[in-house]
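In case it helps, my numbering puts the sequence shown at residues 792 to 1077. A quick write-up on the structure given underneath.
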Amino acid sequence: MTDQTDPQAAIDAQGDRRRADLDDRIREYSAGDDREGIPFVGAGPGDPGLLTVTGRELLEDADLVVHAGSLVNSEVLEAYCADADLVNSIGKDLEELIPLMRDAYENGRTVVRLHSGDPAIYGAALEQMDALEHEDVPTYLVPGVTSAFAASASLRTQLTLNEVANHVAFTRPQGKTLSAEEDHISEFVGMGDVTTCIYLGTHAVGETMERLLEDGHDSETPVAVVYHASWPDEDVIVGTIATIGDRLADAGHRASAMVIVGEAVTGAGYERSYLYGDWATRGSRD
């Protein structure tokens, strides 16, 4: 096998196979099961303690960790990767990353691909996995704690609240990879009972809030920006659709923040749930 690889051809081929039939491993393994291959591990939001137990064990056993650069807290690498060679994936394309991981695996090294947060949310993991699988290198996913959940914990609230927020939307604003027609943030906010979690959009908060105002949304709708959720330098900025843009500009953060829009930001106005009310005690009253 040569070092030359065409990742796009591999991705297309794997997609064709997936359309024809589901991978047998879907029925053989569940998330968290031990298996062969290169694990794509979610590093969690930042704090080393929020890495899963499985993720920690895989990192501690690894010979090579290909990680997402500054998107992964260096404390995670220091705590769990002391015996591994570290490779920063930032600035490397698939044509470089795939042979690097493939060759290390085929040479008997234990390889871990470490993504920030959870690889299933804006992680671009599947394209790497498909390219590796096409070259007969098995892969699998290990979930992580996504930044929206860490931000919710920092805000001491829930993303879903009875009678206030019945739904959660994970989204991103228009930009290089998303056209204006594909940006549904205004639609999510307009539904009223949706907590809208905006990834990869710190730089566009002001513009996004202006569009929400132009679309007629309530200027007093709560908005929180949580920079580096769970990192030592975490910063929580709370405002409204009308004010959060200026407050974020004053703080100076341009990346690495989770933006949450909706009444769940404050946790105000929710109703007591049935779980610990009439529904929980109905049996004792019979």
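All C-beta atoms, glycine included, are put in the ideal place defined by N, C-alpha and C.
Identify every residue that forms a DSSP beta bridge with residue 879.
-> Against the sequence shown, residue 879 aligns to sequence position 88. Residue 879 is bridged to 858.
Tell me, which residues are paired with residue 1049 by DSSP?
-> In the sequence shown, residue 1049 corresponds to position 258, counting from 1. According to DSSP, residue 1049 bridges with 1017.
Secondary structure, alpha helix (DSSP H): runs of 4+ residues fully inside the region 918-984 | 938-945 and 976-981
Unbroken beta strand (DSSP E) runs of length 3 or more, entirely within the region 811-839: which are they?
-> Within the region 811-839, the complete beta strand (DSSP E) runs of at least 3 residues are 829-833.
Local conformation of residue 1069 per DSSP, three classes | Position 278 of the sequence shown, counted from the first residue, corresponds to residue 1069. It is helical.
Three-state secondary structure assigned by DSSP to residue 867 = Numbered from its first residue, the sequence shown carries residue 867 at position 76. Correct three-state label for residue 867: helix.
Kindly identify the DSSP beta-bridge partner or partners of residue 988.
-> Along the sequence shown, read from residue 1 onward, the residue named residue 988 stands at position 197. DSSP lists 961 and 1051 as partners of residue 988.
From 981, 982 and 931, residue whose alpha carbon lies closest to that of residue 821 | As a first step, residue 821 must be located in the sequence shown, where it is residue number 30. Per the Cα distances, 931.
What three-state label does DSSP hand residue 908 in the structure shown?
-> Numbered from 1 along the sequence shown, position 117 holds the residue referred to as residue 908. In the structure shown, residue 908 sits in a strand (DSSP, three-state: E or B).
Check the C-beta distance from residue 947 over to residue 993 and give it rounded, since I have them as a contact under 8 Å.
-> By 1-based counting over the sequence shown, the position of residue 947 is 156. By 1-based counting over the sequence shown, the position of residue 993 is 202. No, residue 947 and residue 993 are not in contact; Cβ-Cβ is about 22 Å, not under 8 Å.
Thinking just about the alpha-carbon of each residue, which of 928, 873, 911 and 913 is nearest to the one in residue 892?
-> In the sequence shown, residue 892 corresponds to position 101, counting from 1. Per the Cα distances, 928.
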